[in-house]
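Student: Supplied in structure tokens, the structure appears directly below.
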Amino acid sequence: MDNCNKVISAINGDKECFIQVVTEKKEFLYRTAFMYVKNEHDALEILDQTVYKAFLSIKKLKKPEYFDTWIIRILINCAIDMIRKNKKIISLNDDLENIKIDVYENHEEIIDLYDAIDSLDADLKAIIILKYFDGFTITEIGDIMGASESKVKNMLHKALVNLRIELKEGCISD
Amino acid sequence: MTDYNMDKFNNIKLPDNIDSVIINAAERAYKKRNSKLKKALISIAAALVLFAASVNLSPAFAKYVSSVPGLEYLVKLVSFNKGLQRAAENGYTQNINKSAEDKGIKFTVNDIILDSKTIVVAYTIEATKDGYTDLNPGSFDFVDKSGKQITGFTTFGTTPDDKFKSTKKKDGAITMDFEFSDNIPDTIILKCKSFKDMVSEFNRETSNKIDGNWEISMDINKDLVKNSPDIYKLNKEKIIGPIKCKFEDVEIYPTVAEINVSIDNDEKYKFIGFVNARLIDDKGVEYKNFTTIGYPNDKTLKIESTYFTKSKTLNFKADGIYYMPKDQYVILDLENQKIIDDCGYGLELLYINRDTSKEFEDEKYDFDIGFKVKDPEIIQNTKGWCSGEGIDFDEIVDEKGNKLECDRRYWHGIAKGINDKEDSIEDGFCIKKSNPNSNPKLLKLRVSYVSKGTIEPINIKIK
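Chain order of the listed sequences is A and B.
Here the first sequence stands for residues 2 to 175, numbered as in this note's numbering.
Here the second sequence stands for residues 134 to 596, numbered as in this note's numbering.
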């Protein structure tokens, strides 16, 4: 059975097919979740919530080819939920101290996004992760975030500008 | 040009338990999808065991039991199910007699009934310290040695023991079918994670949850799970009212008989269930349908087993089917506190409470709404101990069409055969605080279940 048929079976309630499809995407899903929270425990919880919610609502997925964008949207929502929950206990100062950015001699051109994105707002963070780590196109990101392409481009630009500001601040505090 | 470093992303180490996290989450979601069914099963199971106290045992079984010491627990617990009685008579039992104690609660597994389809665990709960009113199983899992969950439809029931206060003891049974397990492990561990201490038997509001750890490991007698079922192919179609049913096959195990039926739902109506479905042998003995599982187009009826019946003939019979129109809505005017459209089901508003949080432990609610169902057909059908649930909804939206998150209330009217004198059923639901619209003016409730339909005899010859 190819992947598309498996997704169709999953939509029809076949639990085994659903588990297979999700397991095939586990690296992509887990790593994306990890990017948000940077620890195994929370990343697994996001994955757990994502899989749970996805199976409960899979009947709403009308086109099987959109499985990836559909499930990543659920994952991002779960990740943002988790961050909101955790925000109450993390002070801003601690957060800033933990940001470590590798700055190379030839200006800010090579950005270690892995660490730098920690300073971004949830939406901007999502866009950077989707674009540079998960490899989605601008159009797909638009689908996932429920935004137009031009809005995605604007937000991406804003995110990159913010990252550069963070980089400079990082330099100063160093 | 901005370059970026992907190594760290690609080197994020995957945890060892990632696969089990995915499987567990999917299993939980699967269970949740069937939770409505499960809720029904729990109340049916409870009702069944309440019945059990007054059911007369077959003389053969009574004699058999009196000759085997220690089986008294099973007597009480399986006397409502002829199939399970026969399975026990024919040696599909295993003595376990193990206990686990925590938080002043001693949990003992006495015996099990077991075949390749079902496990029935006869247990005793005993309070070893003061302060408990009426202990019942809370949440429990069946797992194998590696901790992997064994999934299946689970029910539990307890004997109606008003004496708990004085004896500090009660008996019950937990039943699970191996619906989703290909291999039954050599060791099955029953893991109780919590108990509920209930002040009132059917009122969840007043229950206290006691978390703890009670584990009973059971080494399975492999001879009991080797058996394969008797299978009869049917391939018979029948049209009842607007619904076409295809009876596919029958699988008969020592503990249960299962009939697989595929349903061709009409454009306007959807199938809900059979009325009084049963198997009948050549002596006219009836074997009752105690539960039905499956998807909208694919149902499995579970019926008391006829495995040990030496009958030449076997027939499936039902008195009709329940079905209802698709997309049917009950409309409730919250502002003026009245039901605008009850779809002819005789609904009467009991109360609307605002800002409640008591009933369920963790959730807060904008509204708690209760109503009565007075339709005589629904009430009659709800009273029968194998039949449905009255009326149920699967989606509630406000006047703008926004979907509202809700919890169903537990039954507090008729608890299936326990309180037969009532002429109405009380029911209700609670609207969660998490909804964007905290002040809906109108509610539309999509009806997903109602125990009404066509009464027309169905007879299918199996052998």
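Cβ coordinates follow ideal geometry from the N, Cα and C atoms, glycine included.
In this text, all values refer to a predicted model and were calculated from it rather than measured experimentally.
1. Evaluate Y115(A) with the Cβ neighbour count: other Cβ atoms within 10 Å of its Cβ, from every protein chain shown; 16 or more gives buried, anything less gives exposed.
2. Can you check whether the C-beta of I139(A) is within less than 9 Å of a C-beta belonging to chain B?
3. Counting only the same chain and skipping the five closest in sequence on each side, list residues whose C-beta sits under 7 Å from that of C5(A).
4. I151(B) versus chain A: which residues are under 8 Å apart at the beta carbon?
5. Can you tell me the Cα-Cα spacing of T51(A) and N223(B), whole angstroms?
6. In the DSSP assignment, what are the bridge partners of E391(B)?
7. Is it a yes or a no for the region 243-253 of chain B touching the region 397-415 of chain B, going by three-plus beta-carbon pairs under 8 Å?
8. Where does Q218(B) land, buried or exposed, given buried means 16+ other C-beta within 10 angstroms?
9. Counting only Cβ pairs nearer than 7 Å, list the residues of chain A close to K165(B).
10. Can you tell me where the alpha helix (DSSP H) holding C18(A) begins and where it ends?
11. Are there three or more Cβ pairs, one per stretch, closer than 8 Å when the region 501-514 of chain B is compared with the region 471-478 of chain B?
12. 9 Å is my cut-off, CB to CB: does V23(A) come that close to chain B?
13. Along chain A, in chain order, which residues have C-beta atoms closer than 9 Å to that of V530(B)?
14. Give me the chain A residues within the contact set of A221(B), using Cβ-Cβ distance strictly less than 7 Å, ordered along the chain.
15. State the start and end residues of the unbroken beta strand (DSSP E) segment that holds S350(B).
16. I think K324(B) touches D277(B), with their Cβ atoms under 8 Å apart; what is that distance to the nearest whole Å?
17. Check the Cβ-Cβ distances between A390(B) and every residue of chain A, and say whether any is below 9 Å.
18. Within 8 Å, do at least three Cβ pairs link the region 222-242 of chain B to the region 370-386 of chain B?
19. Looking at the secondary structure, which residues open and close the alpha helix (DSSP H) in which N4(A) lies?
20. Starting from K215(B), follow the alpha helix (DSSP H) in both directions and report where the run begins and ends.
21. Starting from the beta carbon of E1(A), find every residue of chain B whose beta carbon is closer than 7 Å, and list them in chain order.
22. Who does L268(B) pair with in a DSSP beta bridge?
23. Take N422(B) as the anchor and find which of F562(B), T439(B) and A260(B) has the nearest alpha-carbon.
24. Take I385(B) and list the residues in its own chain whose beta-carbon comes closer than 7 Å to its own, dropping the five residues that flank it on each side.
25. Would you call the CB atoms of V8(A) and L57(A) closer than 9 Å?
26. If contact is defined by three or more beta carbon pairs under 8 Å, each pair taking one atom from either stretch, is the region 445-458 of chain B in contact with the region 570-585 of chain B?
27. Use the C-beta contact count for P569(B): other C-beta atoms within 10 angstroms, 16 or more gives buried, fewer gives exposed.
28. Could you tell me whether the Cβ atoms of I322(B) and S350(B) are closer together than 9 Å?
29. Look at the alpha carbon of Y163(B) and the alpha carbon of R165(A), and state the distance between them as a whole number of angstroms.
30. Below 8 Å on the Cβ atoms is my contact criterion, and I expect L576(B) with L465(B) to pass it. Report the Cβ-Cβ distance as a whole number of Å.
31. Is the shortest distance between the beta-carbon of C154(B) and the beta-carbons of chain A less than 9 Å?
32. Please report the residue range of the alpha helix (DSSP H) in which T140(A) lies.
33. Please check if any C-beta of chain A sits within less than 9 Å of the C-beta of R411(B).
34. Using a beta-carbon distance below 9 Å, is N269(B) in contact with chain A?
Tutor: So, to answer that:
1. Taking every protein chain shown into account, the CB of Y115(A) has 16 or more other CB atoms within 10 angstroms, so this residue is buried.
2. Not closer than 9 Å to any Cβ of chain B, the Cβ of I139(A) fails to qualify, so no.
3. P65 and E66.
4. Neighbours of I151(B) across chain A, judged by C-beta separation under 8 Å: K27, Y31, L45 and L48.
5. A straight line joining the alpha-carbon of T51(A) with that of N223(B) spans about 47 Å.
6. In the DSSP assignment, E391(B) is bridged to E384(B) and K435(B).
7. No, the region 243-253 of chain B does not touch the region 397-415 of chain B.
8. Taking all protein chains shown into account, Q218(B) has 16 or more neighbouring C-beta atoms within 10 Å of its C-beta and is therefore buried.
9. Within chain A, the residues near K165(B) are L57.
10. Unbroken alpha helix (DSSP H) run through C18(A): K16 to E25.
11. Yes: the two stretches touch, three or more of their Cβ pairs being nearer than 8 Å.
12. Chain B, which has a Cβ nearer than 9 Å to the Cβ of V23(A), makes this yes.
13. Those within 9 Å of V530(B) in chain A number zero; the least Cβ separation is about 15 Å.
14. Within chain A, no C-beta atom comes less than 7 Å from the C-beta of A221(B); the nearest is roughly 32 Å away.
15. Per DSSP, S350(B) belongs to the beta strand (DSSP E) from N341 to D352.
16. Incorrect: roughly 11 Å between the Cβ atoms, too far for contact.
17. Answer no: the Cβ-Cβ gap between A390(B) and chain A never drops below 9 Å.
18. No, because fewer than three Cβ pairs between the region 370-386 of chain B and the region 222-242 of chain B fall closer than 8 Å, the two stretches do not touch.
19. It spans N4 to I12 - the alpha helix (DSSP H) in which N4(A) sits, taken as one unbroken run.
20. Run containing K215(B): K215 to E222, per the alpha helix (DSSP H) assignment.
21. Any answer about residue 1(A) is impossible in this case: the structure gives chain A only from 2 up to 175.
22. D330(B).
23. Considering only alpha carbons, the answer is T439(B).
24. Shown here for I385(B): same chain residues with a beta carbon closer than 7 Å to its own, the five before and five after excluded, namely P362, D363, S438, T439 and Y440 in chain order.
25. In this structure, L57(A) does not lie closer than 9 Å to V8(A) by Cβ.
26. With a cut-off of 8 Å, the region 445-458 of chain B and the region 570-585 of chain B count as touching, because enough Cβ pairs lie within range.
27. By the neighbour-count rule (16 or more Cβ atoms within 10 Å), P569(B) is not buried but exposed.
28. Yes. Within cutoff.
29. Between Y163(B) and R165(A), the C-alpha separation is close to 45 Å.
30. Correct: roughly 4 Å between the Cβ atoms.
31. Checking the sequence, you will find Val at residue 154(B) rather than Cys. Yes - at least one Cβ of chain A is within 9 Å of the one on V154(B).
32. Unbroken alpha helix (DSSP H) run through T140(A): I139 to M146.
33. It does not; no Cβ of chain A falls within 9 Å.
34. It does not: the Cβ of N269(B) has no partner Cβ on chain A nearer than 9 Å.
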